Each structure stands twice: as structure tokens, then as C-alpha cells.
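Enquirer: I'd like to ask you about the structure that follows.
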Amino acid sequence: MKKKLLYLLIISLPLISLSSCIDDFLDADAESSLTSEVIFADPTLAESAVMGIYEQINYSAFNGRLWPYKGLNNDTEMHLASYGGLTETDTHRTIAVYNNKGSDDFMGTAVSGAYSAIERANLCIEGLEMYGNPMPDTKLGCLLGEALFLRAWLYFELVNWYGNIPARFIPLNSDNLYIGRTDRDEIFKQLLKDLERAAELMPWAGTTAETMTILRPNKAAAKAFRARIALFAGGYGYHVYGEMNTAQLSNDPDLTIEKTYTIARDECWDIIQNEGKGFVLENEFEKIFKDNCQVKLDAGGESLFNLPFNYNKRGNWMVAAGVIHAGAGGSGSPASGSDPYTSVYQGGTHGAVPTLFYDYEKEDKRRDISVVPFRWANGKQELATVRRMTPGKLRAEWIDLSKGMLSTNTNDGITPIIIRYADVLLMFAEAENQLDGPTNRAKEAFNRVRTRGYGGVSQMAYVESQSASKGAFLQAIQNERRLEFVGETIRKYDLVRWNLLKTNMDKVMDDMRALRSFSGAYADVPGYVFWKYKSNAADEREIVYYGFNRGEIAPGTSGDLIIDQNALDAWMAANGWIHWNPSGNAKPLEKATPWINSNSTSGELRDVYITCIYLNNPDKQLVCPLPRTIITNSQGALSNSDLGY
């Protein structure tokens, strides 16, 4: 253990600004003095070891693969290149469309990196428990809580990706080097215990030097994450003891719905009772994500914990889930010097399903933050296409330029929000409703999130209208989570725990067909859209647009038809509107092209672009097969045959 810890310490020293003591450390007789007892009894050295866990999370395969591509596809987010995933082999596109194979290895190095981070956490936890005398609110106690939290987060992500995985909660040794799959029940039970202890050990945010930033966990983060895991433990999933590829509830008496939802409710209620202790519900929805893009990392806002990446050095978050910044027509990198925010291509992997924009009411302020119909081409906005709308919470135009424009599309360093206070409120409402129905406490928590979404206008009347029964209230919460957390990589896993993944994906395909035909719930959606620059200034980069609100139908148009060209031309001339062109602003059209084309074989919503949301039944591929390298290196302990591969 001594050699492992020495390595851990050396590589992580720079991460916590201990450069002044590096020379002294390297000059020391490490073999004789840096035993695990010395390291974990010393707060400074122990902190260095814990920082080594983060170092592994910053490894390129982890932050460039495991994180950016999680959660696709579902009823809200859809890989923009899903069509390609139908025929490819072993890519992030094939994962998104549920085209998995037992031989896939795209995530091999990423999963290995996650297990390396878990091993570092195991070493730290063992060392701190043996030698640190960790007590609540002490430095060593906080470090133990931090290591427990990070290990829980890593295992939770792996379980979501791969289901019943090999799980070790002590450092590697000859007895546990090659192990088989551990049922998620056992993993979740351990994580619930670990996070309970972590919350006891760590203080509220903003009360110590370590908790002044959202890049390190605190009591609220541990409690919130424990609540999230409890809901997942009480929800649907694959089990070692269950029928192959069939989601079911746990049969463990410790993980009944009543017990797990009680944990979630109680943890969330405790957080709510302590609101203001380093976290708040922001008044403005937009501020959460502007702060995120500007790398504002001080505790005191809505985020409880962010995944720590180094700005412009680590992380593929903006390029995966951001608004598109590209060259002419939305292709390639911007022309040199044309885009003031980035010199390289950004965005274009995560898309929003085409119906999502129209599923918001126009009064909902979250819509124009969560989903955008535009892209940037050579530094100017232009309308994209109906099937290439993207989540809008990550925008290069929101970055703090004093930190420098983005210069890489593989290591932007934006820190993904792992969990925020709005999630606590909605988890509380869901758990309270499950246990006691739509109580006043549940309705108030729900109302706070929705009211913020509507710019502060109380939504209690709506909440009351959804409170006739436990089932109706749950359905309203499920929809609210869809509108609140677009692009935050949690939707797919919510659908899995509710056993609604395929059901809702099939519904959204039906919705896309209804949108294409201007029928059903989408009968009043305009077929034509128009744009103009926000001002006449020569350096204007932003546009305004018309035709995206329901009923906002231009004169002379009906659906995707122009029925009175003269009326349309006169209206456009009077208001300065310009035809949308799918090729971009630089190529004006003489005649309007429909944004939504009812043709099922040639339009942007043609059948092949609708049905490519999945290739195989997503309910039978809720989790991916373990990467080939993991299987190969297991010495026969692991196989993907138990998943049907």
C-alpha cells in the first residue's frame, strides 16, 4: 500500500497548490517516512491523496468519453448523428441508438479510468479510517466524507451505464482482483451507507475552506446524492437474480419503495430546512447556466456539486452538449478571427428532440434557455433546422472572455453540474407524493421550481390542477423534470427507474409524426419561420426570429404551404423578415422554405430521421455491455452473455 500511496501523493501534489513544499517532499526519505500511517494522520498529506481521485477523473478518456456521451437517446435528448449510429460499429453514435454489441470497446479506457479512480478512493478511505481518526467537521473527517462521496458518484455513474458491475469497497488484493458482477442492490445499499456517513462528516457549503467551492462536495451534496441513489434503488433496473434484460423492482427487503422513498424524502426535507447554508434556488433560471459557462465556482448558488475540470484544459462538455459554433452553414471550425468566443468547432453532438421546443408553453422562461433553434456560423447566429435544435445551457457566447476564448474542442474545461437544488425540491415532491400523496409540502416544493420557470409568476393553480391523485401528481412531476433538466444527462436514467424509457421514446416518435403533419397536439405549430438581425449595427451578431410560438403563423401560409404569396411578401417587407434557409444566412432564398415539411420521405422530419432514435428495443438495452478490454482482463470472471451479447 505504501508504494501506491506514494504514487498517489506525488501526482496529486500540484492539484492543490502545494508547490512550495514539493522540493522538500521529494527530498524526504519516502520509503522510511511516507507510510500510510504518516500520510493519513497528516491533514495536508491526506488531502493530497484525496486529490489524486480527482486527477483520475480529469483523465482524457473519462472526461472525453464516459461523461459527454451519457444519457443519449431518450424522450428529450437525441444524438444529432443518430442516423449514422444505425449502421456503424462501436462509436458513441451506436451507443446512443441502442446498437450495442458484446465486442464494443469504445468506452474501454474510460471505464478503466473510472475504476482507477475508485481504487484511489478505496485506498484513501481505508487509510483515513485506519489512521486518520476522522470525526465530523474535522479536516480528516471531511476528507473521508469527500472520498466516500466521490466513490459513490463513480459507482452510480457506472451502474447507470453498465448495470450490475464488479464492485470493490476495499483496495485491490489477491482475493478480489478478479470478481464477477455485483447486483446493483448490494452496490446501492453500500452507497446509501457511505453517503449517510459522508453527510455526517462534512459541513454545509461555505463554512470551511474546502466547501467554499462547488468543485468539492459538502453536506447538502451528500444528502442530495443519497436521495437520488435512494430513488434509483427503489426504481426499476436489471438484476443479477432477475430475468435477462427485463427491468424489475428490487426484491431486497431493505430496498422496498417505502424504505427507499423515505430515505429520499427525509434527506431532501433536511436540505430544504437548511436552505441558505451555501445554496439557494436561483431567482433566474438563466443565471445557473451563465455562471456555469463563466466558471463561477463559489458555493452559494443553486449547484450543489460540479464535476471539476480545468478550464480550456480538460473536459469535452461544451463540444458535446453546447450550442453549435461552426463555420459557414454550421460546418467545420469558424473562419479565423470570425468568432469572438471560440477558434474551433463547438457543440453538435447532443440534440433536442424536435418536439421539445413546442412542448414548453411560451410563458415558460426555461424554453429559450433549454432549447435553441439557432447555431453560430462564422461568429453570427443563424437558424438551424428543426431536427438540429440543441440544448442551450452551454454556450460559448456566455463564457468569460477574460479567461480567454475557447481554443480547443476536446478540452474546454466547463464543469458539468452533477446535482442542483431544484432537483432536491422535485425529488422531495416525488418521494412525498409516493409515500403520502400530493401533500401541501409536496405541492409547495413542486410550485417553487415551476414558478421560477415562469419568471416568478405563481404556478400553484397548475400544481393544484395536477393533484387529484397520486398518479396524476407523479405524471406532472415526471413532465416537470423533463422541462427542468434538459441537457443535464439525467433524463434517460429517470425514465429507466420509472420503467418508461421505450414507452416515452415511442410517444415522442408519434409526436414527431404529429408535428410533421401539423396534427394533434401540434396542429397550431407554424410551418414557416423567419429571421432578421437584432439591430442594424454593422457588427450585429445575434438574430431574432418569428414562427416558433404556437399560433405565430405568417400571413399567406398554412402548414407547410404558401397559399397567398402576395400577402406573405407584403408582411415580410413591412416587418423586415427574411426567409429561413437551411444552408444558412449567407445564402438568401427568393422563396420561403418550410421549417417543417410534411413529406415523410424528404423533409427534415422524414421517417428515417424519426425512427433512428433507436435501432433495438431500448428496454432490452437499458445498460451497455461491459467494454471488451474489461471482459478480456477479467480472466474469465466477467461475460456479456448475461446481457444477451
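Quick note on numbering: the sequence shown equals residues -22 to -1, 1 to 623 in mature numbering (1 follows the signal peptide of the UniProt record, and there is no 0). Cβ coordinates follow ideal geometry from the N, Cα and C atoms, glycine included. Predicted, not measured: the structure shown is a model, and the values here were computed from it.
(1) Since I believe Thr327 is in contact with Leu44 (beta carbons under 8 Å), could you give me their beta-carbon distance rounded to a whole number of angstroms?
(2) For Met29 and Tyr37, what's the separation of their Cα atoms in angstroms?
(3) Would you identify the three-state DSSP class for Ile540, choosing helix, strand or coil?
(4) For the beta strand (DSSP E) that contains Ser14, what are its first and last residues?
(5) Have a look at the DSSP bridge pairing and note the partners of Ser281.
(6) Are the Cβ atoms of Leu600 and Ala362 separated by less than 8 Å?
(7) Roughly how many whole angstroms lie between the Cα atoms of Ser316 and Ile302?
(8) Would you tell me roughly how many angstroms separate the C-alpha atoms of Glu422 and Tyr323, rounded to the nearest one?
(9) Mind checking whether Glu262 and Ala205 have CB atoms under 8 Å apart?
(10) Starting from the C-beta of Gly158, find all residues in its chain whose C-beta is less than 7 Å away, skip the five residues before and the five after it, and write them out in chain order.
(11) Got a sec? Which residues, its chain only, sit under 8 Å from Thr234 by beta carbon, not counting five neighbours each side?
(12) When you compare the stretch 488 to 497 with the stretch 563 to 582, are there three or more beta-carbon pairs, one atom per stretch, that lie closer than 8 Å?
(13) Kindly confirm or deny that the stretch 421 to 438 and the stretch 406 to 413 touch, where touching means at least three C-beta pairs closer than 8 Å.
(14) Under three-state DSSP, which class holds Ser436?
(15) Straight-line CA distance for Val75 to Lys480?
(16) So, with DSSP's three-state summary, where would you put Gln324?
(17) How is Ala125 classed by DSSP in three states: helix, strand or coil?
(18) Since Gly184 contacts Gly256 with CB under 8 Å, what's their CB separation in whole angstroms?
(19) Given this structure, state the Cα-to-Cα distance separating Tyr524 from Pro504, to the nearest angstrom.
(20) Tell me, please, whether the stretch 578 to 595 touches the stretch 119 to 134 by the rule of three or more beta-carbon pairs shorter than 8 Å.
(21) How about Glu188 and Arg344: are their beta carbons less than 8 Å apart?
(22) From Asp83 to Leu604, what distance separates their C-alpha atoms?
(23) What are the boundary residues of the beta strand (DSSP E) that Leu361 is part of?
(24) Rounding to the nearest angstrom, what Cα-Cα distance links Ile397 and Ala200 in this structure?
(25) Going by other Cβ atoms of all chains shown within 10 Å of its Cβ, with 16 needed for buried, is Val258 buried or exposed?
(26) Identify whether Trp354 lies in helix, strand or coil by the three-state DSSP scheme.
(27) Whole angstroms are fine: how far does the CA of Tyr156 sit from the CA of Thr610?
(28) Can you tell me which of the three DSSP states Asp5 falls into?
(29) Tell me Thr191's beta-bridge partners as DSSP assigns them.
Expert: A quick look at the data gives this:
(1) The Cβ separation is near 14 Å, so there is no contact.
(2) 13 Å
(3) strand
(4) Here Ser14 belongs to no beta strand (DSSP E); instead the alpha helix (DSSP H) covers Ser14 to Ala19.
(5) Answer is Arg398.
(6) Between Leu600 and Ala362, the gap from beta carbon to beta carbon reaches 8 Å or more.
(7) Those two C-alpha atoms are separated by around 14 Å.
(8) 43 Å
(9) no
(10) The residues are Pro144, Ala615 and Leu616.
(11) Gly212 and Ser228
(12) Counting Cβ pairs under 8 Å, three or more are found: they touch.
(13) yes
(14) coil
(15) 12 Å
(16) strand
(17) helix
(18) 4 Å
(19) 9 Å
(20) no
(21) no
(22) 8 Å
(23) Lys358 to Leu361
(24) 10 Å
(25) exposed
(26) strand
(27) 11 Å
(28) Residue confidence for Asp5 is low, a pLDDT of 41 falling below 50, so the modelled location carries little weight; the figure read from the coordinates is stated next. Note: Asp5 maps to helix in three-state DSSP.
(29) Asp276
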